[in-house]
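Have a look at the structure below before the remarks.
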Amino acid sequence: MNVNKKAGELMNKLRAEVPLVHCMTNYVTVNDVANALLAIGASPIMSDDCHDVEDIVSISKALVINIGTLNERTIASMLLAGKKANAMHIPVILDPVGAGASAYRNETTKKIIEEVKLDVLRGNLSEVSFVAGLEVSTKGVDSSDADADKDAVAIAKAVAGKLGCIAAITGAVDTVSDGKRVLQVQNGHPMLSKVTGTGCMTSALTGAFVAVGEDTVYAAAAAIAATGIAGELAYEAAKEKGTGSFRVALIDAYSRMCENTFMEMGKIEELTL
Amino acid sequence: MNVNKKAGELMNKLRAEVPLVHCMTNYVTVNDVANALLAIGASPIMSDDCHDVEDIVSISKALVINIGTLNERTIASMLLAGKKANAMHIPVILDPVGAGASAYRNETTKKIIEEVKLDVLRGNLSEVSFVAGLEVSTKGVDSSDADADKDAVAIAKAVAGKLGCIAAITGAVDTVSDGKRVLQVQNGHPMLSKVTGTGCMTSALTGAFVAVGEDTVYAAAAAIAATGIAGELAYEAAKEKGTGSFRVALIDAYSRMCENTFMEMGKIEELTL
Amino acid sequence: MNVNKKAGELMNKLRAEVPLVHCMTNYVTVNDVANALLAIGASPIMSDDCHDVEDIVSISKALVINIGTLNERTIASMLLAGKKANAMHIPVILDPVGAGASAYRNETTKKIIEEVKLDVLRGNLSEVSFVAGLEVSTKGVDSSDADADKDAVAIAKAVAGKLGCIAAITGAVDTVSDGKRVLQVQNGHPMLSKVTGTGCMTSALTGAFVAVGEDTVYAAAAAIAATGIAGELAYEAAKEKGTGSFRVALIDAYSRMCENTFMEMGKIEELTL
């Protein structure tokens, strides 16, 4: 079946099931994350305290961990919630925001990967490359080759294989892999990088789509295409105005998205390797 | 006097007095809460640290406590600020976000209710039902009957009577009671549930209206009608666009609201019991 | 050279260099701060944990400290980041939100000023007056004269002289001084005070302009004029709608701003004293 049709059907399923998505996310973009989830048809719940997260994740259909504004209190909660999600077979999505930019973010990413089994790792090329390098280096292999290569397909496959999860690298072209299969998404618009939080929203939507999808690699690709398509629609609506209007139009586009949107605009492709 | 006219007059008073409203609220919707307060004519101040809240609440005309993203540090501050507000006869509004969804939220709600005298409890039916059940159960009564009933009028009256405050339950129809009198508000639009924070904004506006109103039950009803009316206006402005535009139009509607808006669109009714 | 032309050229430089600006800011307006920085051509990074801030500030071109929702954890991080910035000659901007409103904000402002060398102090008249008074009073002088005076030019000059930094006081007319030179900015619109965060955004933009400007007093004035001009443009776009649309139009205006905008609309003036 056509992968864009599959994404469209998943969109329908999401709107029918309204999955509760537990987000442990940064305070910069948390409001947009909540509104993006509502707009796409999911139900967001935010909770980051160690006394609260296990109860909340237990009633959720997915857990999204985003380390954008991490601190000791929330890192402890992330590990607690991640382990609980693992124990209850609730999918976990990690967005390692800024991995590679500070030792603390690096250590935290490492700790989460070691203690929590991920279903999806979603980041930009440099963040996911860091994770690739980290894994490689723990095995004594020089990570500089992988870093220099900057081949999203190779990195996605490598990380996915190592962590046993789906790796989703977003950029001008987005790449999603489970280590064997590779999907690419050609949707998107450069203006998506001119508002904060489009990566965070994509990670949260990944939680929503994975919550209702049977095959995580297609669900992650559908989520990423949702943002890409919304970016294209938002650009059309806001190009004369500016990035403030673009951000509003992005949420508008999510909220109007339906099966047909993916059929008509989706540019997800499964690579033949 | 007609209750909608009363609400309109309170709207005028609010714009004339510009009350400072101290909000201890969640980081998900805090920006919308601040902008909603500014739009309706109040002045917001956010502060949640134990070293800061007593000074801040002392210069404020109302305190709004919202437990949406609670943690140990902020809970301690909430209790401190609540007690200071009580001592200074500054009205306290509690929004027990997610009460019923986790043990920590339940315990926190219970602790606040025990240690702080509320002027208004504002939540959805399940949150206020939890408080009703909680109170009942502490008296050894099975709370399941009350929960099953789901009669907003009965629950509002019961909670108001028990806590000696105004109970405001928002939903398709909103119910406000002081234990004896009951007001219902028929304003609103389903799209209000498709953006995050409309409940939080309503609680904050309740603080603003109560700060300037002599009779809290009418002030709370006016605040709730303000959101309902703004939702109707925002839907008209944004229905072709989506939920991003709806959120913007909601703040727009608050900012244009005046006495006449309530006279022409208000659907507050005092029930004859 | 004309000061408005200078500001326009700085605008170009900013868009060419895309400086990374590290913000330690309040959770109320942090999203608008990030989007304003992106819109004006900078790159925002938010980080407030003591384990993270030194690494992050080290890769940044400016540090913006805003005490709007301070607490013990973030204050410690602010001092750490500020000292690191000083050591690395990275400019530091302080926005003492609410200084004068609580003892904790006063003490924190005092501590930051004592331990961190500022490049720019940006606040409203009452916040900067507090700092002026504070400094005076620590020298045993009665601060009430300075407070009563409320002469923005005198206060800006005094504070700048005492702290050895640029003082920028925003209001109906904005005043920027390095203790000797004084610039005033006549741009702006009253609606800027009807949305939260316009002060915070101005402080963050000050970081961005100072990061690329050689003469800090002109860079600070350019940043303040950017908000003033954006406010004028946003008012034109949103006056029929309300403050929600005004906020969106403000970011739109930042994102479209270029050299010509300053040439045509800039009202920065260097006073002849």
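Residue numbers (the working numbering), protein chains in the order written: chain A, -13 to 259; chain B, -13 to 259; chain C, -13 to 259. Virtual Cβ for every residue (Gly too), placed ideally from N, Cα, C.
Strictly below 9 Å CB to CB, what residues from chain B border residue 180 of chain C?
Here residue 180 of chain C refers to the residue found at position 194 of the third sequence. Per Cβ cutoff of 9 Å: 21, 24, 25, 241.
Where do the ends of the beta strand (DSSP E) carrying residue 145 of chain B lie?
Taking the second sequence and counting its residues from 1, the one referred to as residue 145 of chain B is at position 159. Here residue 145 of chain B belongs to no beta strand (DSSP E); instead the alpha helix (DSSP H) covers 138 to 149.
Tell me the DSSP secondary structure of residue 68 of chain B in three-state form.
Translated into the one-based positions of the second sequence, residue 68 of chain B becomes position 82. It is helical.
With the cut-off set at 8 Å, would you say residue 42 of chain B and residue 68 of chain B are in Cβ contact?
As a working mapping, residue 42 of chain B is identified with position 56 in the second sequence. As a working mapping, residue 68 of chain B is identified with position 82 in the second sequence. For residue 42 of chain B and residue 68 of chain B, no; Cβs fall outside 8 Å.
Neighbourhood of residue 236 of chain C by C-beta, 6 Å cutoff - its chain only, sequence neighbours within 5 removed:
Locating residue 236 of chain C in the third sequence gives position 250, where the first residue counts as 1. For residue 236 of chain C, where only same-chain residues beyond five positions count, the Cβ hits under 6 Å are 216, 220.
Which residue's Cα is closest to the Cα of residue 248 of chain C: C:230, C:224, C:212, C:190?
Counting from one through the third sequence, the residue named residue 248 of chain C turns up at place 262. The candidate whose alpha carbon is nearest that of residue 248 of chain C is C:212.
Chain-ordered neighbours of residue 236 of chain C on chain A, where CB pairs are closer than 8 Å:
Indexing the third sequence from 1 puts residue 236 of chain C at position 250. Result: 230.
Taking the runs of the beta strand (DSSP E) that are 3 residues or longer, which of them lie wholly in the segment 40 to 99 of chain A?
48 to 52, 78 to 81
Under a Cβ-count criterion, where at least 16 other Cβ atoms within 10 Å of its own Cβ denotes burial, should residue 66 of chain A be classed as buried or exposed?
Working through the first sequence from its first residue, we reach residue 66 of chain A at position 80. With 16 or more Cβ atoms within 10 Å of its Cβ, residue 66 of chain A is classed as buried.
Within a Cβ cutoff of 6 Å, which residues of the same chain sit near residue 155 of chain C, ignoring the five residues on either side of it in sequence?
Taking the third sequence and counting its residues from 1, the one referred to as residue 155 of chain C is at position 169. Answer for residue 155 of chain C: 111, 114, 138, 142, 161, listed in chain order.
Is residue 12 of chain B buried or exposed, if buried means 16 or more other CB atoms sit within 10 Å of its CB?
For the purposes of this step, residue 12 of chain B is identified with residue 26 of the second sequence, where counting begins at 1. Buried.
With H, G and I counted as helix, E and B as strand and the rest as coil, what does DSSP make of residue 200 of chain A?
The residue labelled residue 200 of chain A in the question sits at position 214 within the first sequence. It is coil, neither helix nor strand.
Going by Cα to Cα distance, which pick from C:30, C:206, C:184 is closest to residue 153 of chain C?
For this step, residue 153 of chain C is matched to residue 167 along the third sequence. Nearest option by C-alpha distance: C:206.
Exposure of residue 124 of chain B, with buried meaning 16 or more beta-carbon neighbours within 10 Å
To locate residue 124 of chain B, count along the second sequence from 1; it is residue 138. With a pLDDT of only 43 at residue 124 of chain B, under the threshold of 50, the placement of this residue in the model should not be trusted; the figure read from the coordinates follows. Exposed, because fewer than 16 other Cβ atoms sit within 10 Å of the Cβ of residue 124 of chain B.
Going by Cα to Cα distance, which pick from C:246, C:233, C:158 is closest to residue 21 of chain C?
If you number the third sequence from 1, residue 21 of chain C lands on position 35. Comparing Cα-Cα distances from residue 21 of chain C to each of C:246, C:233, C:158, the minimum goes to C:233.
Can you name, in chain order, every residue of its own chain whose Cβ lies under 7 Å from the Cβ of residue 196 of chain B, other than the five neighbours on each side?
Here residue 196 of chain B refers to the residue found at position 210 when the second sequence is read from its first residue. So the qualifying residues of the chain are 48, 77, 79, 105, 106, 202, 205, 206.
So with Cβ pairs under 8 Å, would you call residue 63 of chain A a contact of chain C?
Numbered from 1 along the first sequence, position 77 holds the residue referred to as residue 63 of chain A. Answer no: the Cβ-Cβ gap between residue 63 of chain A and chain C never drops below 8 Å.
Cβ of residue 163 of chain A within 8 Å of any chain B Cβ
Here residue 163 of chain A is taken as the residue at index 177 of the first sequence, counted from 1. Chain B, which has no Cβ nearer than 8 Å to the Cβ of residue 163 of chain A, makes this no.
Could you check if residue 147 of chain B belongs to the surroundings of the ligand ZN, using beta carbon to heavy atom distance under 7 Å?
As presented, the structure is devoid of all ligands, the ligand ZN included, so that no description of it is given.
Within 10 angstroms of the Cβ of residue 9 of chain B, are there 16 or more other Cβ atoms? Answer buried if so, exposed if not.
Start at 1 with the first residue of the second sequence, and residue 9 of chain B comes out as number 23. Buried.
Within chain A, partners of residue 90 of chain B - CB distance below 8 Å:
Walking along the second sequence from the start, residue 90 of chain B turns up at place 104. Chain A residues near residue 90 of chain B: 35, 37, 38, 41.
Rounded to whole angstroms, what is the Cα-Cα separation between residue -2 of chain C and residue 245 of chain C?
Translated into positions along the third sequence, residue -2 of chain C becomes position 12. Translated into positions along the third sequence, residue 245 of chain C becomes position 259. If you take the alpha carbons of residue -2 of chain C and residue 245 of chain C, they lie about 6 Å apart.
Taking the DSSP output, what are the residues bridged to residue 32 of chain B?
Stepping through the second sequence from its first residue, residue 32 of chain B is reached at position 46. DSSP, once it has assigned bridges, lists B:9 as partnering residue 32 of chain B.
Compute the distance between the beta-carbons of residue 17 of chain B and residue 17 of chain A, then report whether it is under 8 Å.
In the second sequence, the residue the question calls residue 17 of chain B occupies position 31. In the first sequence, the residue the question calls residue 17 of chain A occupies position 31. In this structure, residue 17 of chain A lies closer than 8 Å to residue 17 of chain B by Cβ.
Beta carbons nearer than 9 Å to chain A: which residues of the segment 187 to 204 of chain B have them?
none
Indicate the three-state DSSP secondary structure (helix, strand or coil) for residue 262 of chain A in the structure shown.
Missing from the structure shown is residue 262 of chain A; chain A here goes from -13 to 259 and no further.
Which two residues bound the contiguous beta strand (DSSP E) that contains residue -4 of chain B?
Here residue -4 of chain B refers to the residue found at position 10 of the second sequence. Note, residue -4 of chain B: premise wrong, no beta strand (DSSP E); alpha helix (DSSP H) at -11 to 3.
Does any residue of chain C have a CB that is nearer than 8 Å to the CB of residue 221 of chain B?
Walking along the second sequence from the start, residue 221 of chain B turns up at place 235. Answer no: the Cβ-Cβ gap between residue 221 of chain B and chain C never drops below 8 Å.
Quick check on the DSSP output: what are the complete beta strand (DSSP E) runs of length 3 or more inside the segment 154 to 187 of chain C, in order along the chain?
160 to 163, 168 to 171
Measuring straight from C-alpha to C-alpha, what distance separates residue 102 of chain A and residue 81 of chain A?
The sequence position of residue 102 of chain A within the first sequence is 116, counting from 1. The sequence position of residue 81 of chain A within the first sequence is 95, counting from 1. Each residue's alpha carbon lies about 13 Å from the other.
Chain-ordered chain B contacts of residue 227 of chain C [CB-CB under 7 Å]
The sequence position of residue 227 of chain C within the third sequence is 241, counting from 1. Going along chain B in sequence order, the residues near residue 227 of chain C (Cβ under 7 Å) are 238.
What does residue 56 of chain C touch in chain B if you count any residue whose Cβ is under 8 Å from its own?
Counting from one through the third sequence, the residue named residue 56 of chain C turns up at place 70. Per Cβ cutoff of 8 Å: 35, 38.
C-alpha gap between residue 209 of chain C and residue 238 of chain B, whole angstroms
Residue 209 of chain C sits at position 223 when you count from the first residue of the third sequence. Residue 238 of chain B sits at position 252 when you count from the first residue of the second sequence. Their Cα atoms are separated by approximately 27 Å.
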